[in-house]
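First up is the structure itself, then whatever we jot down about it.
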Amino acid sequence: MLQREACTQQRVLGQAASNSGPATKRARRSPAKVAAKASAEQQDATRKAPLDHLRDAAKASVGAVLAATIAITTPMAYAAPFDTGTNLAPLGNLRSADKGTKYELEALNTEAAHIKAGIAARKDYTDKDIVDFLCNTECLEGRFDTMGVQGKDFKADLLGPNPKPPKGMKKANLSPRTKALLEEVALSEQGHALYTRQAGSTIPCPYVDYDKGFNAVFARAYGLKDGESISKLFGKDWDPYVNDATFALSMVFLEELGATGNKGLTLLHTNPILADGTAGLATTATAFAAIERSILYDLRDEIVPPTNETVAQVFARLSAYRDAMDGPQIDDQGLLNKDPRFIAIPGSYVNNIPTDIRGLSFSRTPLMNLNILMVGAKDGKGGFFPEGIAGRINTPEGFDKLAKGTEDFGNQPQIVQMPASEVEKIPGPVTPEGPSELPGMTSLTQELNSGAPLVNEKPETRGL
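So, in structure tokens, the structure goes:
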């Protein structure tokens, strides 16, 4: 394939040279050199007589356009992480807004599965359905993080109308350093919940049983049956709040479902404002999961209560559980990565951000995440959500279905989605009195004293 692209490149350059007459030597040079030459000619033309200037400048402009055209249209040969045909799955011709253009893409098997799963999951979900799904998962993550780190729950406006109090939330026993790092995560998760309210979700935060949810997950991770607890093996249930290790393990388990799940939702959105916002959720969740992994990497050899295993071993079990519950593709990794199919660091095996060999993070559909969180409950009532969740995306049914291909992606019927005018406006710039208030929205639980007016151009505003 690389040889074919190289021949195509030579053919394009040769045709440009034969058709340009006096420009033959110019076409044999690289596009960058041709553009530089044309620019120099144009500058030289400005020093000549007016008529000569116009004539020579026109010639130089033609040369510059030719150079730019060659640079854009010439195929480039890239080295691939794998030999052609090895561990690659062709995705066919994806349509785009570029008229007449087909993109011959080859994706790693895992990425191909993610894209086909996303296409299969599109169904007739509206953007509002996706926002409601996000509200459920952001409440799950955010309330756990906020209570564990700050010892308090969401404020009322983030909770929605008449939410049922969750079970199994309390403040974690954290070291000062870990608490400082995770407070930013907790505030960000509150912000994520605020985003779902801005975007129009009016459902209440779901009833969550953190005790039942985590213990059901750990039971599966240790090979036990439904309804059993790891107390059968170790004499005690899983308690997320014991220390830095137990809390960070519990936190990152949920965080990485947000990171992969929010990235997967970008395949389902059609409203550009919401697509951009959800992409923002994915990037921040990925960053915070990396912080949590970094904390755990420093603790990797410590024994985690009540298990008799190290942090790295417990993480490996949780990773294997998530991977087993979301379909056949490989899209999860432990705290240490020794798998040469992915990015593996010899010696340290550090793995702060799980990716494929090209550094691309993984994706999950909403249905995949629900199957993990509901511990396989087909009716949508299990695991962390014993009473289910509100909204149209409320069961894991179809989590393992893939579209046959991507050829019809651009031809899928699109239903009318939420227009941009229905999405709450983003608040204005921060003032000395604090952020502007949104109708029906409260501030987050951060407590900052108002100081001197903030000036964007000054380093003091950036933390000097």
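Residue numbers (my numbering): 139 to 602.
Every residue, glycine too, gets a C-beta built ideally from N, C-alpha and C.
Residue range of the alpha helix (DSSP H) that includes residue i
{"i": "G286", "result": "D265 to Q288"}
{"i": "Y459", "result": "V449 to A462"}
{"i": "M389", "result": "D382 to L403"}
{"i": "I531", "result": "Note, I531: premise wrong, no alpha helix (DSSP H); not H, not E."}
{"i": "E440", "result": "Here E440 belongs to no alpha helix (DSSP H), and DSSP marks it neither H nor E."}
{"i": "Y371", "result": "It should be pointed out that residue 371 corresponds to Leu in this sequence rather than to Tyr. L371 -> alpha helix (DSSP H) spans S369 to F372."}
Nonlocal neighbours in the same chain, by C-beta distance under 6 angstroms from residue i, ignoring five residues either side
{"i": "F453", "result": "G472 and L473"}
{"i": "A427", "result": "V390, E393, E394 and A397"}
{"i": "F500", "result": "T398 and D469"}
{"i": "P299", "result": "P342"}
{"i": "F356", "result": "I368 and W376"}
{"i": "E447", "result": "none"}
{"i": "G289", "result": "K309"}
Residues near residue i in its chain [Cβ-Cβ closer than 7 angstroms; skip 5 each side]
{"i": "M463", "result": "N509, I510 and G514"}
{"i": "V460", "result": "Val is not the amino acid found at residue 460; the sequence shown has Arg there. Result list for R460: D470 and I510, in chain order."}
{"i": "T422", "result": "S326"}
{"i": "N353", "result": "S367, I368, D375 and W376"}
{"i": "N400", "result": "T416, L419, A420 and A423"}
{"i": "H330", "result": "E276, G280 and L419"}
{"i": "A558", "result": "At A558, the pLDDT of 43 sits below 50, so the modelled position is not reliable; the number obtained from the coordinates is stated separately. Same-chain partners within the cutoff: N409 and I411."}
{"i": "G373", "result": "P444"}
{"i": "V380", "result": "N311 and P443"}
{"i": "H407", "result": "D265, I268, A413 and T416"}
{"i": "F385", "result": "G286, A310, L312, P378 and Y379"}
{"i": "Q451", "result": "none"}
For residue i: DSSP bridge partner residues
{"i": "E321", "result": "DSSP output for E321 lists no bridge partner at all."}
{"i": "F523", "result": "G520"}
{"i": "L406", "result": "Paired residues: none, contrary to the question."}
{"i": "L474", "result": "V488"}
Residue i beta carbon near the ligand SAM (any heavy atom closer than 7 angstroms)
{"i": "V287", "result": "The ligand SAM is absent from the structure shown, which contains no ligand whatsoever."}
Contact under 8 angstroms by Cβ, residue i with residue j
{"i": "G327", "j": "E366", "result": "Before going on, a small fix: residue 327 reads as Glu here, not Gly. Not closer than 8 angstroms, so no."}
{"i": "A383", "j": "E430", "result": "no"}
{"i": "A287", "j": "A310", "result": "Reading the sequence as shown, one finds Val at residue 287 and not Ala. The answer is yes: Cβ separation under 8 angstroms."}
{"i": "F294", "j": "L540", "result": "Note on residue identity: the sequence assigns Ala, not Phe, to residue 294. No, Cβ-Cβ distance for A294 and L540 is not below 8 angstroms."}
{"i": "G627", "j": "F522", "result": "With the chain covering 139 to 602 only, the question about residue 627 has no answer from this structure."}
{"i": "V449", "j": "L387", "result": "yes"}
{"i": "G256", "j": "L405", "result": "yes"}
{"i": "D538", "j": "G465", "result": "yes"}
{"i": "I253", "j": "A528", "result": "no"}
{"i": "L456", "j": "A318", "result": "no"}
{"i": "Q467", "j": "T334", "result": "no"}
{"i": "L332", "j": "L296", "result": "yes"}
{"i": "M512", "j": "P478", "result": "no"}
Cβ-based neighbour list, residue i, same chain, cut-off 8 angstroms, excluding 5 preceding and 5 following
{"i": "R281", "result": "D291, F292, P304, M307, C343 and V346"}
{"i": "I531", "result": "Y263, D267, I268, D270, F271, P504, L505 and L508"}
{"i": "V561", "result": "For V561, the predicted model reports a pLDDT of 43, less than 50, meaning its position is unreliable and no value from the coordinates is stated."}
{"i": "S432", "result": "N490"}
{"i": "L362", "result": "I368, K370 and L371"}
{"i": "T525", "result": "As written in the sequence, residue 525 is Glu, which differs from the Thr given in the question. Answer for E525: K302, P344, Y345 and K519, listed in chain order."}
{"i": "T493", "result": "F480, I481, S499 and F500"}
{"i": "I483", "result": "N475 and N489"}
{"i": "A348", "result": "Position check: residue 348 holds Tyr in this sequence, whereas Ala was assumed. Contacts found: F282, P304, K305, G306, M307, P378 and F522."}
{"i": "K516", "result": "T533, P534 and E535"}
Query raised in the report: Going along the chain, which unbroken runs of the beta strand (DSSP E) with 3 or more residues stay wholly within the region 484-511?
Result: Runs of the beta strand (DSSP E) inside the region 484-511: none found.
Requested in this report: Please list the segments of the alpha helix (DSSP H) lying wholly inside the region 285-361, counting only runs of 4 or more residues, in order along the chain.
Outcome: As for any alpha helix (DSSP H) of minimum length 4 sitting wholly inside the region 285-361, the runs are 294-297, 314-336 and 348-359, ordered along the chain.
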